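Here is the structure we will look at, set down as structure tokens.
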């Protein structure tokens, strides 16, 4: 132990004497280890972080699968069946964590995110109220009877003045008066990080207030999440097998709604099960990128250590000549590297903190701008991981240089008057540089593909998203019936189209260009002769919708004001569906059977959905929003699209004012430019592009430094040869070409290896590519050109400096 301490003290003194080398090595290590630490922080937040409640290790999420895959919500009917029959759990609860609630407090309207929960929800989590109480079992037995609410601690403090007199105070939620019975403990805002921060909770018996689009107690209304506590001695696998068997019972008793549905039990850690599945691809990309950056870091530091070792050959030869064993020298050199890595790891925590904030920014809000629970902080095991990465960096970057440096020819080194070098360390240095170039090439190619993909997303599928505003109007939340909601929607459209700066407005039920769709069963034959019905995606839109998004019909027309419930039902199909049903024929005027309704086609439009490069254009059907019956579930609410002439953001205040003039109590949500929604929808692509670009630039800089160091050091070893060449009449440009060609050869080999790696990794990127092929030659050529230019610059400086030296001075020194 004493010897190790002495090695560490001696190493620290040596590092202090060489601030240039030490600073370069520490900066490089901090960047590489910091990137790795940030990656593990992200993995922790997404997959591993436990819920901040008592005994959270036994908590599980239960979700449904379809045909054995996916992570979907359950219906309350399914939950009650699982709760009543499962023996794997001591207790369980159902919750709907993203209820859209419109709260009015003292006349002030406020849109909040709430949760609808069963009575045992808080008891299951082991929580105690900060004030008042939680729900009673009796308050969750009779539908629509007990209008009670629990509010979050933050909501109580910021919206209800933090007054103890809040208990039994009435607040208006979606048009219904609720009595406050309790305040949740500070810091608790739900059990589904990544879904939303809950401000209020209402009992499931009041479900119709929190969700109006289907009957939550009906078998097919799959909207709730299930959380449960495992019984002692019960494994996740055993609980999953039991739940899956119970799902088979539900399939037998409810074949119309539960066919192919299974159940899966997963630990209640990290984000929701569905969010975790959506994040698998981006996590794999981050892992690959972080690993490459760490490899480049270690290769760069390894190269620096090899150069430093050559310069210390005389010192090491003296040690060996005085009786030090080779292992003793290796230990000393490796101790110095470990000391470097330890300091670099500590500095890497600062880099990781910045990286964590960048990662958190992509998951801090949902599509409606609501705050999400997403903590990417550094926990204890992350610190242990940082220490492990530091040790790994020390091993990868320090072992080979230590072994090679200690293999010194004592006699030759003591006689040498200049820094020479054997071929073996030189080959190792070259190999390290080639590895750096290969990693940089792979990262730059991947980043280039994602940059081009985002450019295609920004252009849109023939749609100018920057001039379109989205408005989600939800009169159903304040108990409007169908007829009153229809009148409200029509008046809003009328007022908006009279507003200066508005070109057109159109109501609709969803976002067709983002491939949000309902599913319709379609056949073109009304006499039943069609061999099978076709399942297609579709949406209900209003008149002028295609004018709003800036797309012209290929055939026929779009919906008109005259298309209403008292006229014949009409539909529009995209060109893909038209070619599929009637190839080469005229489509307008034909009829379709859509579910149980006959419609006449009045227009054909181009495909305007965003699709990845691997997804072919899909058939799509548009029905008329205004031809829904007022009693239909989605007919009251809308996602209205508004086309403006100028800046969309600048128009928002005037548009909100016009809608409030119709009825200020109707909730207005998700009111922002369409390009904002597109940016959120493709946040994984943006995140992957940002991270890979950052990794690529970092690897490029480190590669340039490493290549410069190798060429400069190799040139210094050849100064006698170079001086002789110049003395014998060689032109400086000939010598410079000789030196630069070495760097370019290394770059060419690294680019070739990196290209092979990038081609092998492009399947990971395929799901994120829009408008660009995974093997796009132009992108790979640009990445290779960037690396070639960097290699040329890194090699030219040592070459220029070598030809500026007076040969006579060099030869006289020799």
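In my numbering, the protein residues as written are 558 to 1371. Backbone N, C-alpha and C define an ideal beta-carbon position, used for all residues, glycine too. These numbers were taken from a predicted model, which means no experiment stands behind them.
Is it buried or exposed, residue i, if we count other Cβ atoms within 10 angstroms and call 16 or more buried?
i, result
"residue 1377", "Residue 1377 lies beyond the residue range present for the chain, which begins at 558 and ends at 1371; the question has no answer from this structure."
"residue 896", "buried"
"residue 928", "exposed"
"residue 1027", "buried"
"residue 594", "buried"
"residue 715", "exposed"
"residue 1130", "buried"
"residue 713", "buried"
"residue 990", "buried"
"residue 624", "exposed"
"residue 792", "exposed"
"residue 1171", "exposed"
"residue 1267", "buried"
"residue 1012", "exposed"
So, are the CB atoms of residue i and residue j less than 7 Å apart?
i, j, result
"residue 1401", "residue 773", "The question about residue 1401 has no answer, for the chain in this structure spans 558 to 1371."
"residue 1033", "residue 1193", "yes"
"residue 706", "residue 754", "no"
"residue 1042", "residue 1249", "no"
"residue 788", "residue 683", "no"
"residue 1159", "residue 1127", "yes"
"residue 1292", "residue 1279", "yes"
"residue 1343", "residue 905", "no"
"residue 1255", "residue 740", "no"
"residue 1055", "residue 1195", "no"
"residue 860", "residue 986", "yes"
Taking the straight line between their C-alpha atoms, what separation do you get for residue i and residue j?
i, j, result
"residue 1271", "residue 1335", "34 Å"
"residue 762", "residue 924", "28 Å"
"residue 752", "residue 766", "20 Å"
"residue 748", "residue 1338", "47 Å"
"residue 899", "residue 948", "8 Å"
"residue 619", "residue 817", "16 Å"
"residue 1087", "residue 1306", "Reliability fails at residue 1087, whose pLDDT of 48 lies under 50, so the model's placement of it is uncertain and no value is given."
"residue 781", "residue 653", "5 Å"
"residue 1220", "residue 650", "37 Å"
"residue 615", "residue 786", "5 Å"
"residue 1046", "residue 659", "18 Å"
"residue 607", "residue 823", "12 Å"
"residue 666", "residue 734", "13 Å"
"residue 1084", "residue 999", "Unreliable positioning characterises residue 1084 in this predicted model, as indicated by a pLDDT of 49, which lies under 50. The coordinate reading is nonetheless provided below. Near 58 Å, if we compare the C-alpha coordinates of residue 999 and residue 1084."
"residue 1001", "residue 1180", "44 Å"
"residue 1326", "residue 1092", "26 Å"
"residue 1209", "residue 1070", "21 Å"
"residue 703", "residue 935", "43 Å"
"residue 1121", "residue 644", "54 Å"
"residue 655", "residue 1141", "46 Å"
"residue 562", "residue 894", "14 Å"
By the DSSP assignment, the beta strand (DSSP E) with residue i in it spans what residues?
i, result
"residue 789", "Where residue 789 is concerned, there is no enclosing beta strand (DSSP E), given that its DSSP letter is neither H nor E."
"residue 620", "616–623"
"residue 1177", "1177–1181"
"residue 1202", "Looking at the DSSP string, residue 1202 is not in any beta strand (DSSP E), and its letter there is neither H nor E."
"residue 1161", "1154–1162"
"residue 1080", "1075–1080"
"residue 1148", "1148–1151"
"residue 628", "626–629"
"residue 1229", "1225–1230"
"residue 819", "818–824"
"residue 665", "665–674"
"residue 1222", "Residue 1222 -> no beta strand (DSSP E), and no H or E assigned at all."
"residue 1026", "1025–1030"
Looking at the unbroken alpha helix (DSSP H) that takes in residue i, where does it start and where does it end?
i, result
"residue 922", "Here residue 922 belongs to no alpha helix (DSSP H), and DSSP marks it neither H nor E."
"residue 1374", "Residue numbering for the chain in the displayed model covers 558 to 1371; residue 1374 lies beyond these limits and cannot be assessed."
"residue 1212", "1205–1219"
"residue 893", "883–918"
"residue 1103", "1102–1106"
"residue 1253", "1240–1274"
"residue 1352", "1334–1360"
"residue 811", "Careful: residue 811 lies outside any alpha helix (DSSP H) and carries neither H nor E."
"residue 1119", "It is not in any alpha helix (DSSP H) - residue 1119 carries neither H nor E in the DSSP assignment."
"residue 653", "No alpha helix (DSSP H) holds residue 653; the beta strand (DSSP E) holding it covers 646–662."
May I have a chain-ordered list of the alpha helix (DSSP H) segments no shorter than 4 residues that lie completely inside the segment 564–610? 576–600
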